[in-house]
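Read the structure below first, then the notes.
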């Protein structure tokens with residue numbers, strides 16, 4: 125094994141695992157926020173269209 129290599133149970137491997145988990149969490153949160161923004165925009169556009177059709 126390479127002297128600089130990390131294993132899942134080494135301190136560097138633990139840091140890497142934690143970092144990857146934090147990155148996954150950030151990506152998930154970013155995706156959820158993006159979905160909420162798209163949904164809110166669609167609702168707003170629907171309301172505007174409804175109001176336009178009522179006039």
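Numbering (our numbering), first residue to last: 125 to 179.
Glycine included, C-beta positions come from ideal geometry on N, C-alpha and C.
Which of helix, strand or coil does DSSP assign to residue 134? Within the chain shown, numbered from 1, the residue matching residue 134 stands at position 10. Reduced to three states, the DSSP call for residue 134 is coil.
Once the 5 residues before and after residue 134 are set aside, which same chain residues still bring their CB inside 7 Å of it? Indexing the chain shown from 1 puts residue 134 at position 10. Excluding residues within five positions, none has a Cβ falling inside 7 Å.
Give the secondary structure of residue 179 by DSSP, where H, G and I count as helix, E and B as strand, and everything else as coil. Against the chain shown, residue 179 aligns to sequence position 55. Coil.
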